[in-house]
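Student: As numbered in the working numbering, residues 102 to 525 make up the sequence shown, in order.
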Amino acid sequence: MPVEPTPKALLAAASITALLIASYAGVYPWLTGSLAVLLSGILAWSLGYAYTLSRAALGLMFERSVEPETAYEGAPVKVTIRVHNASRLRAEAVVTDAIPARVRVEESPVFRVSLLPGASAAYTYTVKPLPGLHIFSELTVDVVDPLGFFVYRRTVRTPASIKTVPVASLSEPCAPSPVHGFLEAYRRLVHGVGLEFYEVREYQPGDDPRRIVWTATARVGRLMVREDLSELQPRLHMLVDLSRYSWAGEPGDTPGDHIARLAASLARSIASLGGVFGYTLLRGDVWLTVQPGRAGERLHQLLTQLSSLDPIETLTHSGWGLCGAVKEARTLLPRGMLLLVLTGPHALVQPRLEEMASCLAGLNAVVVVVLPVGDAEASRLARTAAVRLAGRASSVLGGAGARLYLAPGGQFVREAWRLIASPA
């Protein structure tokens, strides 16, 4: 029922009803005729007034816009709702915006307007969305009559969307800064002349004689060789598990959130090093695979995909098609290229663990289980379960030739990245 009485109207109706009952009971017999006329008048007035109120409510026109439509995680986004009164009546309304589940509100999405015929107004509030696609759909409009007796409620569809690119928030000690990721800091020792001098050390059997530093040798009386540093150029394929299981927990601290941030950080850093990578986005029992190519081009594609992920509440693919995605990726990977699986604690539970180990057999694979880091109960339980299962999982995956790492909040340890970044 679009027109609803307010508590004030209900109180008035209760008072009139009490008088009517009293008159029929003989307490106030003189009120019977007058009260009947009064009730008839009130009923006629209420029907007419409700119709007038509905015209005022239906005459309100709404438009919604967001600025910017694509934003990085953590950046404020302005949501503006414009209202125009196209009716010939004055309209008093309370407007409530329906906020998507993974959008954090900085200011109230509820506002009140009072518009004369032909007048317009606008209201702006700020949100900070989490990674992915967020669809704003409906507004709830409550038009109140000036006397406060009735409320006309309607729902208005004003679609708009925000695409949010995940941003890594890492505190790994080996990282030069969160902005540049934590891969750029890595170098490897190479024979010959590299980009940067590292150290002079004592000669060891098997060292290239051409690296002997004769001045240092003459000074200390022992053969000394030079070590140089060269930038790494990683080559890998990322399997990014963003199935329904990855989104369990506190919004913003789910494994899926951290996996998306880690994938974006890895892609940016590999692109800065001139590396090569491809990726597979796993969404339940469906997936999208992009074959390895130049990191700069793949970076743009991956960030576009991560910022356009369908809202979690619309994700209907409840399976876990990791093996199918791995089989498809296997046909595209050059021999020896690393397969990096970014997944959540759900991958350590039977029978998924055995399934994952069987499909990774024979591949140069690293499995990174990303853990939530928050204080919510769901996050603590997930971390505890993952640590408890990690021992057996490492053994099972090791039997298939894969390596397992736990990454709280998507952070890598230095040793893990040295294995990942080393050329095959």
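Think of the CB as a built atom: it goes at the ideal place given N, C-alpha and C, for glycine as much as any other residue.
Taking contact to mean at least 3 C-beta pairs separated by less than 8 Å, is the stretch 393-410 in contact with the stretch 444-463?
Tutor: no
Student: For alanine 261, which of helix, strand or coil comes out of DSSP?
Tutor: strand
Student: Quick check on the burial criterion: 16 or more other C-beta atoms within 10 angstroms. Buried or exposed for glutamine 512?
Tutor: buried
Student: Inspect the CB distances between the stretch 490-510 and the stretch 462-473 and report whether three or more fall short of 8 Å.
Tutor: Touching, yes.
Student: According to DSSP, is tyrosine 304 helix, strand or coil?
Tutor: DSSP places tyrosine 304 in coil when its eight states are reduced to three.
Student: For valine 167 and threonine 259, what's the separation of their Cα atoms in angstroms?
Tutor: If I take the Cα positions, the gap works out to 11 Å.
Student: By a C-beta neighbour count over all protein chains shown, 10 Å radius and 16 as the cutoff for buried, is leucine 482 buried or exposed?
Tutor: By the neighbour-count rule (16 or more Cβ atoms within 10 Å), leucine 482 is not buried but exposed.
Student: By Cβ distance below 7 Å, which residues in the same chain neighbour alanine 222 in space, the five residues on each side in sequence not counted?
Tutor: Once the five neighbours on either side are set aside, the close Cβ partners of alanine 222 are Val184, Val214, Leu216.
Student: Measuring alpha carbon to alpha carbon, tell me which of Ala202, Pro169, Gly394, Gly437 ends up nearest glycine 463.
Tutor: Gly437
Student: Tell me which same chain residues have a C-beta within less than 6 Å of the C-beta of cysteine 460, skipping the five on either side of it?
Tutor: Cys424, Val427
Student: Which whole-angstrom value is the C-beta distance of leucine 343 and glycine 357, which I expect to be below 8 Å?
Tutor: Yes, leucine 343 and glycine 357 are in contact; Cβ-Cβ is about 5 Å, under 8 Å.
Student: Can you tell which of Arg345, Gly475, Gln402 has its C-alpha closest to the C-alpha of aspartate 354?
Tutor: Gly475
Student: Does the pairing of the stretch 299-316 with the stretch 383-396 give three or more beta-carbon distances under 8 Å?
Tutor: no
Student: For the stretch 317-328 against the stretch 437-447, are there 3 or more C-beta pairs whose distance is under 8 Å?
Tutor: no
Student: Per DSSP, what kind of secondary structure is glycine 511 in: helix, strand or coil?
Tutor: coil
Student: Give me the Cα-Cα distance between leucine 240 and valine 180, rounded to the nearest whole angstrom.
Tutor: 13 Å
Student: For isoleucine 371, I'd like the list of residues in its chain whose CB is within less than 6 Å of its CB, leaving aside the five on either flank, ordered along the chain.
Tutor: The beta carbon of isoleucine 371 sits closer than 6 Å to those of Pro335, Phe378, Ala396, all from its chain and outside the five residues before and after it, given in chain order.
Student: What does the Cβ neighbour count give for histidine 401, buried or exposed, with the cut at 16 atoms within 10 Å?
Tutor: exposed
Student: In this structure, how does DSSP classify isoleucine 236 when only helix, strand and coil are distinguished?
Tutor: strand
Student: According to the neighbour-count rule (16 or more other Cβ atoms, all chains shown, within 10 Å of its Cβ), is glycine 282 buried or exposed?
Tutor: Below a pLDDT of 50, predicted positions are generally treated as unreliable, and glycine 282, at 35, falls in that range; no measurement from the model is reported.
Student: Helix, strand or coil, according to DSSP, for glutamate 164 in the structure here?
Tutor: strand
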